[in-house]
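J.:
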Amino acid sequence: MGNCCVAPSGSSSEKKKEKRKKPNPFAIDYGATKASGSGNKSTVLKDPTGDDISQQYNLGRELGRGEFGITYLAIDVETGEKYACKSISKKKLRTAVDIEDVRREVEIMKHLPKHPNVVSLKDTYEDDNAVHIVMELCEGGELFDRIVARGHYTERAAAAVMKTIVEVVQACHRQGVIHRDLKPENFLFANKKETAALKAIDFGLSIFFKPGERFTEIVGSPYYMAPEVLKRNYGPEIDVWSAGVILYILLCGVPPFWAETEQGVAQAIIRSVIDFKRDPWPKVSDNAKDLVKRMLDPDPNKRLTAPEVLEHPWIQNAKKAPNVPLGETVKARLKQFSVMNKLKKRALKVIAEHLSVEEVAGIKEAFDKMDINKRGKINLEELRIGLQKIGHQIPDADLQILMQAADVDGDGTLNYGEFVAVSVHLRKMANDEHLHKAFAFFDLNQSGYIEIEELRDALRDEDDTNNEEVINAIMHDVDTDKDGRISYEEFAAMMKAGRARHVTISGAYFIFSNRLPFSTSLQKEHPIPTLYLSLSKPRAFSRVSRPLATPTNPGDDDVVWGRARSSSERSKGSNSEVLRIEPVKPGTSAEPKRSKVEIFKEQSNFIRYPLNEELLTDAPNINEPATQLIKFHGSYQQTNRDERGSKSYSFMLRTKNPCGKVSNELYLAMDDLADQFGIGTLRLTTRQTFQLHGVLKKDLKTVMSTIIRNMGSTLGACGDLNRNVLAPAAPLARKDYLFAQETAENIAALLTPQSGFYYDMWVDGERIMSAEPPEVVKARNDNSHGTNFPDSPEPIYGTQFLPRKFKVAVTVPTDNSVDILTNDIGVVVVSDDDGQPLGFNLYVGGGMGRTHRVETTFPRLAEPLGYVPKEDILYVVKAIVVTQRDNGRRDDRKYSRMKYLLSSWGIEKFRTVVEQYYGRKFEPCRELPEWEFKSYLGWHEQGDGRLFCGLHVDNGRIKGTMKKTLREVIEKYKLNVRITPNQNLVLCDIRRAWKRPITTTLAQVGLLDPRFVDPLNITAMACPALPLCPLAITEAERGIPDILKRVRSVFDKVGLKYNEAIVIRITGCPNGCARPYMAELGFVGDGPNSYQLWLGGTPNQMSLAKCFMNKVKIQELEKVMEPLFYYWKKNRQSRESFGDFTNRLGFEKLQEYVDKWEGLPESSNRYNLKVFTDRETYNRVDELAKLQDKTAHQLAMDVIRNFVASQENGKTE
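At position 225 of the sequence shown the residue is numbered 225 (the UniProt record's numbering), and the sequence of numbers has no breaks.
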């Protein structure tokens, strides 16, 4: 409770400099009068002390004021003792959540037993108009203020402070309370005495918990948040993390995790890399560093508990800790915590002085009109009404942000000076003329430069508390040419930059930008995050309490710093910063920032313009808007990156084949098109489609129309809409498989665009398509729960379609051939004991894509949403899609997939919103058997008297003689085919008599029975990557054959059997097209000939891998693989997969294996008697093997395998 204290007045306020006295509009004073309001008779507190506070306390002078209440000095009428009384107006408690937060805060303070280091609650009162909370008065000031005033800081002092803080944490946890907002500002001294007790205050964000209970709300203060808070899965361990951050700051003066941007702060927290190299850490004891490290362990299960912290040697021996001052660096950094509000106030004055008399007069006139009650202040409602009168229609959300940003003194109103800042923002007055005036304000000697003495004097003019280190840091940061002074160009560049860089102006820039300013490092040796310099305090975050269907608009990044009323604010009336990872709802009154792709879509006349015009030009390429739009038509513009010089443009076309089904007619057409207009190959994708590469722009219409007229389509294979719907490729005549495939086809039809742009573009408006099932038409047209855009050509998608790509997969229990949890929606058929489908389990929020070095992007597995009866599946899928449509982010495409919405909201909120669109509640998911990966390679019974044959196609690339032979077989026997999600091909509907001739023909071109394919190849996948993919960083498809051979060689070297295999997947960039984050060993390109290595996926593709190593060069793979595979063979449990082994041991142990690896240990058995019956044969083979850089055993096994394979294929050698 921030206002239960009074900060001691410092002497500096009495030493104001009189050097410069300029006319300043901020100096205008208005008399303030109280405004009364009507009562509110709702009940907030459960069991208040009474309803008339005046019977026990006399309320004296005002100690503080905030938007939600006023804190007064309260004097007990009987004893004369002094307390703080916070009076919260009931009119400010507008929602049930507001009331509950205040109620919970009071309940927690009542619940906590009396503790010498916790501020105590004395009494509570509630009348018709307000809630009054009487508590202990703390007049000794903040922790950092005391440290700075003392003039020195030592480890011993830090240990004493930390012991107190952790004792408070322990006391809270023992009582089942998580504080959730531990930070230096929430620890105050009881009085001004040197021996005063340090007290924890402000339980506004605290919450009761039970053992094992986890929470998902993102709350706390920015630099003190634990990584699991950002990941929305945390418990009481977060308080220890926050205390660890405080300890780090106490010892060095800056937070351990910070960055120049808000997104960077979250990334730094998640990375959890602690810097112990910068001064003064070399002077800090090893015991202190050990405690910091263990309190800031990113794994909450390994992090020390509060009792363990108190048992740590550094705390136990606090009195023996070094008593040597840590240096002026720490003191200088800490000092900035105590001066930031005054610096911000000074900055606003500088901005105001840029305005002319005429401009100020206009602002004053506007202020007078808005100040209806003539109090010298205007509240939010007066500001809204006044701005409307002068032509500014500001949405409520933006107005709230603007109001609170400008409200420097935090009293919930704007005085005249603060109103000037708002006007500057609205009228865009920060032009060059004002910048020149502002520059002249600092340039006292008119030299054309701001020199360090002038900067020092400008800051001292407001207050004496500035520090030489701070001044030097500002100069260092802004003086880009390093001539020791700031030119006008440097000053203007700083003011116009996207972030504030100068302490004295950063606060004002926040008013201009409505964004939290962050700075570059002020000095390399003294990096201070601007958050501490530009805001009055680094304030608490709280969840955004809003109706579920009305999410807020985000800022530029995934982690957004915005404003909302928090429980902390309600308790102390401060302005709280809110950490939001919130989605955008198109069509809200606030105009959100949108990516340029959103603008292209809006202006395209439903994905037509300017693509239709660009296709008619003679240029070999199309412009940027058309490049984005053609994706919706199933095509990407590409260049051959192997070629140097001028760019060679072509187009990749991707078909859309629900369930991977390809008719005989369509396969033959695609085969022809590849030869006539492509590069002579067909690419099978991981989403059961074809990709046709190398099509020239002039041939696009011919190719597209040919596909359409052969009952194919590319519509929606790319772009911001539903992509190809996966389903098991096996053509089994089983009820559940048939129903899964039918469902996949219906979902694909439901989510197919309806506005006709595709057919207009490629077949001149002719609709060449089969009739849709009536249940699909009915579900699409249903608008009983507000899902549709009435009278729109796109009833589900509207003009904007979806925020990003959307992926759906359907399967049956046990069959995970589709990587079910990697999709936005996973649909699993649930059947009765007779195999009759009853309904579906639904899983939501999966997705693979991420961005290197942006930790707020990540792969994610889908999580259970619920069960629905089979007749509802189309309605619920539509409801999920609409939830993403209306709430997914549209400002930053890195965060536009539905997985980020799930990560932001949590599954419970997401389920609630979907249920609103669905119109029914979900039932709990049904229990399912264990999953397994099924490749369906080889020969199998279909169940209808015919056979199907699954063919392994390396990397899905059909080319050369294989392509020719496949066409001959498919054409001769008139076979339909299916593409699998593992880049393989299934030949369907084969008569038994055809089995032998088909087998023989296919074997001749390397399409072998899976028994004769290396098991490593069976499950391996790679994306196309170079040379055509514009996103590729390194090789994937072209590199995987060699990598698999090298893995096999290492297997042989360490003694793993030939039939043992692991799932290997390779992508040339982090987008995850080949789903490498599900692999047991995933290679993700992170540089030329360099990969991240991901470990921990499982053979059934139900576990997410984690990044094990970065920047592993291709030539050094064996240095990592040899120790990993060797210890897997040596230490694995019975039938333990490589992925399960790596998960069980953990990365720390695996890294130790790699770091200490010195090669295979010498074996006492020089030769393998299972292969070699005599030493002479072994020696001869060994000599031959050395010529091939192999062991004798490896060479012998190669010979034997080749011989067996040739015999099986009917060939002789």
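Where is the CB? At the ideal position from N, CA and C, for every residue including glycine. All of these numbers come straight from a predicted model, not from anything done at the bench.
Let me make sure I understand the geometry here. Which of D791, W258, I796 has the alpha-carbon closest to that of L750?
T.: By 1-based counting over the sequence shown, the position of residue 750 is 750. Of the candidates D791, W258, I796, the one whose C-alpha sits nearest the C-alpha of L750 is I796.
J.: Per DSSP, D123 forms a beta bridge with which residues?
T.: Against the sequence shown, residue 123 aligns to sequence position 123. Its beta-bridge partners are V134.
J.: So what's H693 in DSSP terms, helix, strand or just coil?
T.: The residue labelled residue 693 in the question sits at position 693 within the sequence shown. Here H693 sits in strand by DSSP.
J.: Using 8 Å as the cut-off, can you tell me whether the stretch 123–134 makes contact with the stretch 207–219, which would need three or more C-beta pairs spanning the two stretches below that distance?
T.: As far as the Cβ criterion goes, the stretch 123–134 does not touch the stretch 207–219, which means the pair count is below three.
J.: What are the start and end residues of each continuous beta strand (DSSP E) run of 3 or more residues lying completely inside the stretch 1049–1125, in chain order?
T.: Listed in chain order, they are 1064–1067, 1081–1087, 1090–1095, 1106–1113.
J.: Using DSSP with H/G/I as helix, E/B as strand and the rest coil, what is S242?
T.: One-based indexing of the sequence shown puts residue 242 at position 242. Three-state DSSP puts S242 in a helix.
J.: From Q603 to Y609, what does the alpha carbon distance come to, in whole angstroms?
T.: Numbered from 1 along the sequence shown, position 603 holds the residue referred to as residue 603. Numbered from 1 along the sequence shown, position 609 holds the residue referred to as residue 609. Roughly 7 Å separates the two Cα atoms.
J.: Decide if L673 is buried, meaning its Cβ has at least 16 other Cβ atoms within 10 Å, or exposed.
T.: Residue 673 sits at position 673 when you count from the first residue of the sequence shown. Under this definition L673 is a buried residue.
J.: So, I630 versus L611, is the Cβ gap smaller than 8 Å?
T.: Taking the sequence shown and counting its residues from 1, one reaches residue 630 at position 630. Taking the sequence shown and counting its residues from 1, one reaches residue 611 at position 611. Closer than 8 Å, so yes.
J.: At the 8 Å Cβ level, is V703 part of the contact set with chain E, yes or no?
T.: No chain E appears in the structure shown, which is made up of a single protein chain.
J.: Where do the N-terminal and C-terminal ends of the alpha helix (DSSP H) with G888 fall, by residue?
T.: Mapped onto the sequence shown, residue 888 falls at position 888. Element bounds for G888: n/a, residue is neither H nor E.
J.: Could you check the C-alpha separation between L280 and K289 for me, to the nearest Å?
T.: By 1-based counting over the sequence shown, the position of residue 280 is 280. By 1-based counting over the sequence shown, the position of residue 289 is 289. Looking at the sequence itself, residue 280 is Pro, so the reference to Leu does not match. P280 and K289: Cα-Cα distance of roughly 12 Å.
J.: Roughly how many whole angstroms lie between the Cα atoms of K995 and E941?
T.: One-based indexing of the sequence shown puts residue 995 at position 995. One-based indexing of the sequence shown puts residue 941 at position 941. Taking the straight line from one Cα to the other gives about 12 Å.
J.: Who are I958's beta bridge partners in DSSP?
T.: Against the sequence shown, residue 958 aligns to sequence position 958. DSSP, once it has assigned bridges, lists L682 as partnering I958.
J.: According to DSSP, simplified to helix, strand and coil, what is C85?
T.: Indexing the sequence shown from 1 puts residue 85 at position 85. Three-state result, C85: strand.
J.: With 16 other CB atoms within 10 Å as the buried threshold, where does N1165 fall?
T.: Residue 1165 sits at position 1165 when you count from the first residue of the sequence shown. Residue confidence for N1165 is low, a pLDDT of 45 falling below 50, so the modelled location carries little weight; the figure read from the coordinates is stated next. Looking at its Cβ environment, which holds fewer than 16 other Cβ atoms inside 10 Å, N1165 is exposed.
J.: Going by alpha carbons, who is nearest to R893 out of T856, Q916, Y918?
T.: Residue numbering aside, residue 893 sits at position 893 when the sequence shown is read from its first letter. Selected option, being the one with the closest Cα: T856.
J.: What residues in its chain sit with their C-beta under 6 Å from that of K959, if we drop five residues either side in the sequence?
T.: Walking along the sequence shown from the start, residue 959 turns up at place 959. Within the same chain, K959 has close Cβ partners T681.
J.: Could you compute how far the alpha carbon of A366 sits from the alpha carbon of L380?
T.: The count along the sequence shown starts at 1 and reaches residue 366 at position 366. The count along the sequence shown starts at 1 and reaches residue 380 at position 380. Their Cα atoms are separated by approximately 15 Å.
J.: Where I378 and E62 are concerned, what is the direct C-alpha to C-alpha distance, given to the nearest angstrom?
T.: The residue labelled residue 378 in the question sits at position 378 within the sequence shown. The residue labelled residue 62 in the question sits at position 62 within the sequence shown. Taking the straight line from one Cα to the other gives about 19 Å.
J.: Residue ranges of each alpha helix (DSSP H) run of no fewer than 4 residues wholly in the stretch 726–813, ordered along the chain?
T.: If we require 4 residues or more, the alpha helix (DSSP H) runs fully inside the stretch 726–813 come out as 735–750, 757–762, 774–781.
J.: Pairing CB atoms from the stretch 716–735 with CB atoms from the stretch 807–818, are three or more of them under 8 Å?
T.: Flag = yes, the stretch 716–735 and the stretch 807–818 touch.
J.: Compute the Euclidean distance between the alpha carbons of residue 1262 and D145, then round it to the nearest angstrom.
T.: In this structure the chain extends from 1 to 1213, so residue 1262 is not present and cannot be described.
J.: Just checking, does the stretch 875–895 make contact with the stretch 917–927 on the three C-beta pairs under 8 Å criterion?
T.: Because the criterion of three Cβ pairs below 8 Å is met, the stretch 875–895 and the stretch 917–927 touch.
J.: Could you name the residues of the same chain whose beta carbon sits closer than 7 Å to that of L947, not counting the 5 residues immediately before and after it, in chain order?
T.: Stepping through the sequence shown from its first residue, residue 947 is reached at position 947. So the list reads W939, H940, E941, I990, R992, K995, once near-sequence residues are dropped.
J.: Put N129 into one of helix, strand or coil per three-state DSSP.
T.: Along the sequence shown, one-based indexing puts residue 129 at 129. Looking at N129 - three-state DSSP - the assignment turns out to be coil, as it is neither helix nor strand.
J.: For D760, collect the residues of the same chain with a Cβ closer than 7 Å to its Cβ; drop the 5 residues on either side in sequence, then sort them by chain order.
T.: Taking the sequence shown and counting its residues from 1, one reaches residue 760 at position 760. R608, listed in sequence order.
J.: Considering Y900, what are the terminal residues of the alpha helix (DSSP H) in which it resides?
T.: By 1-based counting over the sequence shown, the position of residue 900 is 900. 898–905 is the span of the alpha helix (DSSP H), which, as asked, contains Y900.
J.: Pop quiz: T799 and F606 are said to be a contact at Cβ under 8 Å. What is the actual Cβ separation, rounded to whole angstroms?
T.: Along the sequence shown, one-based indexing puts residue 799 at 799. Along the sequence shown, one-based indexing puts residue 606 at 606. About 7 Å; that satisfies the 8 Å criterion.
J.: Compute the Euclidean distance between the alpha carbons of K369 and I363, then round it to the nearest angstrom.
T.: Residue numbering aside, residue 369 sits at position 369 when the sequence shown is read from its first letter. Residue numbering aside, residue 363 sits at position 363 when the sequence shown is read from its first letter. Using only the alpha carbons, I get a separation of about 10 Å.
J.: What would DSSP say about H436, mapped onto helix, strand or coil?
T.: The residue you call residue 436 lines up with position 436 of the sequence shown. Three-state DSSP puts H436 in a helix.
J.: Could you have a look at V1005 and say whether DSSP puts it in helix, strand or coil?
T.: Taking the first residue of the sequence shown as 1, we reach residue 1005 at position 1005. In the structure shown, V1005 sits in coil (DSSP, three-state: anything other than H, G, I, E or B).
J.: Leaving out five residues before and five after I372 in sequence, what residues of the same chain have Cβ atoms less than 7 Å from its Cβ?
T.: Residue 372 sits at position 372 when you count from the first residue of the sequence shown. Taken in chain order, the residues that qualify are E382.
J.: What first and last residue would you give for the alpha helix (DSSP H) that runs through P116?
T.: Walking along the sequence shown from the start, residue 116 turns up at place 116. Taken as a continuous stretch (DSSP letters only), P116 belongs to no alpha helix (DSSP H), as it is neither H nor E.
J.: Using the C-alpha atoms, what's the distance from N887 back to G220?
T.: Taking the first residue of the sequence shown as position 1, residue 220 is located at position 220. Taking the first residue of the sequence shown as position 1, residue 887 is located at position 887. Looking at the two C-alpha atoms, the distance is approximately 24 Å.
J.: Of the choices D1042, L455, T961, whose alpha-carbon is the least far from that of L1002?
T.: Taking the sequence shown and counting its residues from 1, one reaches residue 1002 at position 1002. With distances taken between Cα atoms, L1002 lies closest to T961.
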